[in-house]
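As C-alpha cells, the structure follows; a few thoughts come after it.
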Ligand SMILES: Nc1ncnc2c1ncn2[C@@H]1O[C@H](COP(=O)(O)OP(=O)(O)OP(=O)(O)O)[C@@H](O)[C@H]1O
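Residue numbers (the UniProt record's numbering): 1 to 239.
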C-alpha cells in the first residue's frame with residue numbers, strides 16, 4: 001500500500017539558499033511520525049513546506065497520491081491537512097469555543113456540532129472553559145485549544161510543530177497521551193519535537209534531520225536503540 005504522505009527529494013527555503021535539501025520520508029496512514037534534529041536543522045521548514053508556506057525548489061510531496069507542490073494552504077485544508085504552528089496558534093482574545101469555531105472556517109465539517117462534541121470528548125478539560133478567553137488558560141490547555149481547533153476541520157493528517165514546547169513535565173506527558181488518543185480516532189500525525197526521547201516512545205517512525213538533510217530514519221524503537229542517534233540527539237545513555 002502506498003504511504004498517505006510521501007516526501008521525495010524535497011528542497012525548499014525562503015527565497016535565499018535552500019534550508020532543506022533532498023529530504024525524503026513517508027508517513028503511513030494512521031501513524032505517528034516524528035521529525036527530530038538539532039536546532040536549525042530545518043524541521044519546522046519541512047512542516048511549513050508540506051503546508052505550502054515556503055518556496056519549493058525541487059522534489060515532490062504526494063498526499064493520497066496527489067501532488068501538493070504548488071497548491072495553496074487553504075486548498076490543503078479542504079483536502080484533509082491541518083496544522084498547528086509552534087507559536088501564536090490560538091486567538092487569545094477569543095473564547096475557547098470561538099477558537100474551535102475558527103477551525104471550521106476553511107473546511108466546514110458536515111455536522112459542526114457533532115465534530116465539536118468529538119473534540120471535547122478528546123479534551124474534557126476544555127468543557128468548563130468554553131466561554132473563557134483562550135489566552136487566560138494554562139500553557140497545556142492552550143495547546144489543547146490549538147489541537148482542538150486543528151481537529152475541527154476533520155483532517156486526515158495533522159502537522160504539529162513542537163506541541164510540547166514550554167510545557168511542564170506533567171502537561172508534556174498529557175499532550176503525548178492526547179496524540180495517541182487523536183491517532184485512535186483515525187488521524188495521522190506528523191510532528192516536530194525537541195523532546196526526542198519521549199516523542200520516539202509514542203512514534204511509529206522517526207526521521208532525524210541534520211543541516212537540512214536526512215540523517216537517520218527508523219521505527220521509534222530502532223532510533224531509541226541506535227547508538228549514533230542516541231549519542232547525538234538523545235543525551236547518551238539507553239532508555
Ligand atoms: N521565515 C524564514 N525566513 C528565512 N529563514 C528562515 C525562516 N524560518 C526559518 N529560517 C531559517 O531556516 C533554518 C532552519 O529553521 P527551522 O525553524 O526550520 O529549523 P528547526 O530545525 O525547526 O529549528 P528549531 O528546533 O530551533 O525550531 C534556520 O537557519 C532559520 O534561521
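Yeah, the Cβ is synthetic: ideal placement off N, Cα and C, and Gly gets one too.
message = For residue 217 and residue 209, I'd like the C-alpha separation in whole angstroms.
response = Taking the chain shown and counting its residues from 1, one reaches residue 217 at position 217. Taking the chain shown and counting its residues from 1, one reaches residue 209 at position 209. Residue 217 and residue 209: Cα-Cα distance of roughly 9 Å.
Closest by C-alpha distance to residue 5, when choosing among 201, 80, 54, 124 = Residue mapping note: residue 5 aligns to position 5 of the chain shown, counting from 1. It is 80.
key: Beta-carbon separation (whole angstroms), residue 151 vs residue 182, contact threshold 8 Å   = Residue mapping note: residue 151 aligns to position 151 of the chain shown, counting from 1. Residue mapping note: residue 182 aligns to position 182 of the chain shown, counting from 1. Sure, about 7 Å apart at Cβ, within 8 Å.
query = Exposed or buried, what is residue 45 when buried is set at 16 or more other beta-carbons lying within 10 Å of its beta-carbon?
reply = In the chain shown, the residue the question calls residue 45 occupies position 45. Buried is the call here.
request  = Would you decide whether residue 239 is buried or exposed? Buried here means 16 or more other CB atoms lie within 10 Å of its CB.
outcome  = If you number the chain shown from 1, residue 239 lands on position 239. In this prediction, residue 239 has a pLDDT of 47, which is less than 50 and means its spatial position is unreliable; what the coordinates show is noted afterwards. So residue 239 counts as exposed.
request  = With a floor of 4 residues, list each alpha helix (DSSP H) that falls wholly inside the stretch 40-119, ordered by position along the chain.
outcome  = The stretch 40-119 contains, as complete alpha helix (DSSP H) runs of 4+ residues, the segments 43-50, 73-78, 96-102 (chain order).
Cα-Cα separation between residue 122 and residue 178, rounded to whole angstroms = Counting from one through the chain shown, the residue named residue 122 turns up at place 122. Counting from one through the chain shown, the residue named residue 178 turns up at place 178. A straight-line Cα-Cα distance of about 7 Å links residue 122 and residue 178.
ask   = Using the rule of at least 16 other Cβ atoms within 10 Å of the residue's Cβ for burial, across every protein chain shown, is residue 190 buried or exposed?
value = Here residue 190 corresponds to residue number 190 of the chain shown, with the count starting at 1. Buried, since its Cβ has 16 or more Cβ neighbours within 10 Å.
inquiry  = DSSP has residue 160 in a bridge; who is on the other side?
reply    = Residue 160 sits at position 160 when you count from the first residue of the chain shown. Within the DSSP secondary-structure output, residue 160 pairs in a beta bridge with 84, 191.
query = By the 10 Å Cβ neighbour count, where 16 or more other Cβ atoms means buried, how is residue 111 classified, buried or exposed?
reply = Residue mapping note: residue 111 aligns to position 111 of the chain shown, counting from 1. By the 10 Å Cβ count, residue 111 comes out exposed.
request  = Kindly indicate the opening and closing residues of the alpha helix (DSSP H) around residue 30.
outcome  = Translated into the one-based positions of the chain shown, residue 30 becomes position 30. Counting along the chain, no alpha helix (DSSP H) covers residue 30, and no H or E run does either.
key: Three-pair Cβ contact test at 8 Å for the stretch 93-112 versus the stretch 137-156   = Enough Cβ pairs lie closer than 8 Å, so yes.
query = Can you tell me whether DSSP reads residue 6 as helix, strand or coil?
reply = Stepping through the chain shown from its first residue, residue 6 is reached at position 6. Judged by DSSP in its simplified three-state form, residue 6 adopts strand.
ask   = So what does DSSP say about residue 25, is it helix, strand or coil?
value = One-based indexing of the chain shown puts residue 25 at position 25. Strand.
key: Under the three-state DSSP convention, the category residue 238 falls into   = To locate residue 238, count along the chain shown from 1; it is residue 238. The predicted position of residue 238 is uncertain, since its pLDDT is 49 and thus under 50; a value taken from the coordinates is nonetheless stated next. Residue 238: coil per DSSP, three-state reduction.
request  = With a cut-off of 5 Å, give the chain-ordered residues whose Cβ is closer than this to any heavy atom of ligand 1.
outcome  = Working through the chain, the matches are 14, 19, 39, 40, 41, 42, 43, 44, 45.
inquiry  = Check this for me: beta carbons of residue 134 and residue 94, under 8 Å apart or not?
reply    = Counted from its first residue, the chain shown places residue 134 at position 134. Counted from its first residue, the chain shown places residue 94 at position 94. Inclusion of residue 134 and residue 94 in the CB contact set at 8 Å is warranted, their separation being smaller than that value.
inquiry  = Determine, for residue 35, whether the minimum Cβ-Cβ distance to residues of chain C falls below 8 Å.
reply    = Considering every chain present, this structure includes no chain C. It has just one protein chain.
task = Could you check if residue 127 is buried or exposed, using at least 16 other CB atoms within 10 Å of its CB as the buried criterion?
result = If you number the chain shown from 1, residue 127 lands on position 127. So residue 127 counts as exposed.
request  = State the DSSP-derived secondary structure class of residue 209, mapped to helix, strand or coil.
outcome  = On the chain shown, residue 209 is found 209 positions in, with the first residue counted as 1. In this structure, residue 209 counts as strand in the three-state DSSP scheme.
query = Can you tell me the Cα-Cα spacing of residue 63 and residue 20, whole angstroms?
reply = As a working note, residue 63 is residue 63 in the chain shown. As a working note, residue 20 is residue 20 in the chain shown. Linking residue 63 to residue 20 through their CA atoms gives a straight-line distance of about 19 Å.
query = Bridge partners of residue 17, per DSSP?
reply = Your numbering for residue 17 matches position 17 in the chain shown. Note: residue 17 sits in no beta bridge, so no partner.
request  = Please report how far the alpha carbon of residue 160 lies from the alpha carbon of residue 213, in whole angstroms.
outcome  = In the chain shown, residue 160 corresponds to position 160, counting from 1. In the chain shown, residue 213 corresponds to position 213, counting from 1. Approximately 20 Å, taken between the alpha carbons.
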